[in-house]
Each structure stands twice: as C-alpha cells, then as structure tokens.
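Numbering (the numbering used here), first residue to last: 156 to 324. Beta carbons: idealized from backbone N, C-alpha and C, even for Gly. Values in this document were obtained by computation on a predicted structure and should not be read as measured data. Shown next, in structure tokens, is the structure this report addresses.
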Ligand SMILES: [Zn+2]
Ligand SMILES: [Zn+2]
C-alpha cells in the first residue's frame with residue numbers, strides 16, 4: 156500500500172528556497188499543498204532547462220500523481236515569486252529554469268540544443284547599462300547559430316555529396 160507523503164517531507168522550512176515559497180504562498184493567501192512542494196522539490200533537483208512535459212514525467216516517476224494543469228499553475232506561481240524563469244527560444248516550446256547566475260544561451264537552430272555560457276564582460280556591460288525612463292529588472296540574451304556537432308555533420312554531408320559527384324564524372 157502506498158502511503159501518501161507528508162507535507163513535512165517536502166516543505167522543509169530549513170531550506171531557504173522553500174521558505175521563500177512559503178512566504179509567497181502566505182502573502183497571497185494560498186494554501187501550502189503537498190503537490191506544490193513536490194513540484195518545487197523536483198525543480199530544485201534539476202540543473203538544466205526543462206519543459207512542462209519533462210517536469211511532469213519526472214514527478215510521475217517520483218510516484219506522484221499531479222495533473223499537467225497543477226504543474227503549469229505551480230510553475231506560474233514560481234515565476235511570479237521570481238524563483239523560476241521561462242524561456243521561449245525561436246521555434247521551440249517553452250523551457251524553464253531556476254533563477255541563478257546570469258548567463259547567455261547559445262541556441263543551435265539545427266538540433267535545438269541550448270548551451271549556457273557565462274560571459275563576465277557582457278554581464279558587467281549590462282549591469283552598468285542604464286536605459287532612459289526604464290528600470291531594468293533582468294535581461295535574457297539568446298544567441299542563435301550552429302553547434303559544433305551539427306556543423307561537423309553538415310560538413311560530412313557536403314563532403315560525401317561532393318565525393319559522389321566526383322565518382323559520377
Ligand atoms: Zn546542433
Ligand atoms: Zn539557462
């Protein structure tokens with residue numbers, strides 16, 4: 156028989172992230188539900204970008220039954236609480252990540268792989284940058300191009316096409 160997990164297993168108030176979420180829920184008059192903490196806990200274990208589907212599959216894998224809409228709603232809360240960020244890269248479905256150090260996203264337009272790089276020069280530039288009549292909260296930088304794996308593949312395809320052409324001559 157599966158016993159339902161206690162909320163205490165998830166809502167560890169010694170964890171500063173959990174405490175922040177507690178404060179957010181309290182401030183908005185929202186209930187501290189086991190589902191919400193199960194979702195938060197799972198997110199804390201992920202160090203990469205993830206889609207809602209991927210997150211839901213992981214939570215189901217944890218033996219927890221949460222609906223897609225519960226996952227979606229909790230994600231919205233975490234975004235509003237400034238704990239999570241949504242990225243929509245061109246031509247891809249939304250991806251999420253915890254708010255950590257600012258970084259640049261290198262997006263391969265061929266395979267869709269997203270690589271993160273820390274660029275201290277760019278961060279310093281943006282931190283010093285002031286815009287007229289505008290208060291910067293945060294920024295995202297997406298750089299689109301081709302990853303080395305895809306570039307190699309393209310080169311190989313071109314080379315073999317060239318070879319075939321030579322053979323036919
Ligand atoms: Zn690629
Ligand atoms: Zn990222």
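Closer than 8 Å: is that where the CB of residue 310 sits relative to any heavy atom of ligand 1?
Position 155 of the chain shown holds residue 310. Every heavy atom of ligand 1 is 8 Å or more from the Cβ of residue 310, so no.
Runs of beta strand (DSSP E) wholly within the segment 182–245 (minimum 3 residues, chain order)
239–242
Using only alpha-carbon positions, find the residue among 249, 172, 200, 233 that is nearest to residue 400.
Lying before the first or after the last residue shown, residue 400 is absent from the chain, which here runs from 156 to 324.
Quick one: residues with CB closer than 6 Å to any heavy atom of ligand 2, in chain order, please.
204, 252, 258, 260, 271
Please work out which residues of its chain come closer than 7 Å, Cβ to Cβ, to residue 237, disregarding the five sequence neighbours upstream and downstream, and give them in chain order.
On the chain shown, position 82 is the one that residue 237 refers to. Closer than 7 Å at Cβ, skipping near neighbours: 254.
On the criterion of 16 or more Cβ atoms from any shown chain inside 10 Å, does residue 229 qualify as buried, or is it exposed?
On the chain shown, residue 229 is found 74 positions in, with the first residue counted as 1. Classification of residue 229: buried, given that the 10 Å Cβ count is 16 or more.
Cβ-based neighbour list, residue 213, same chain, cut-off 7 Å, excluding 5 preceding and 5 following
Here residue 213 refers to the residue found at position 58 of the chain shown. These residues qualify, in order along the chain: 197.
Measuring straight from C-alpha to C-alpha, what distance separates residue 291 and residue 223?
The residue labelled residue 291 in the question sits at position 136 within the chain shown. The residue labelled residue 223 in the question sits at position 68 within the chain shown. Distance between the alpha carbons of residue 291 and residue 223: 33 Å.
Alpha carbon to alpha carbon, how far is residue 174 from residue 275?
Position 19 of the chain shown, counting from 1, holds the residue named residue 174. Position 120 of the chain shown, counting from 1, holds the residue named residue 275. Distance between the alpha carbons of residue 174 and residue 275: 30 Å.
Answer yes or no: do residue 244 and residue 215 have a C-beta to C-beta separation smaller than 9 Å?
In the chain shown, residue 244 corresponds to position 89, counting from 1. In the chain shown, residue 215 corresponds to position 60, counting from 1. No, they are not a contact pair.
I need the straight-line Cα distance from residue 177 to residue 308, nearest angstrom please.
Your numbering for residue 177 matches position 22 in the chain shown. Your numbering for residue 308 matches position 153 in the chain shown. Taking the straight line from one Cα to the other gives about 49 Å.
Alpha-carbon to alpha-carbon, residue 183 and residue 301
Your numbering for residue 301 matches position 146 in the chain shown. Your numbering for residue 183 matches position 28 in the chain shown. Spanning the two alpha carbons is a distance of roughly 44 Å.
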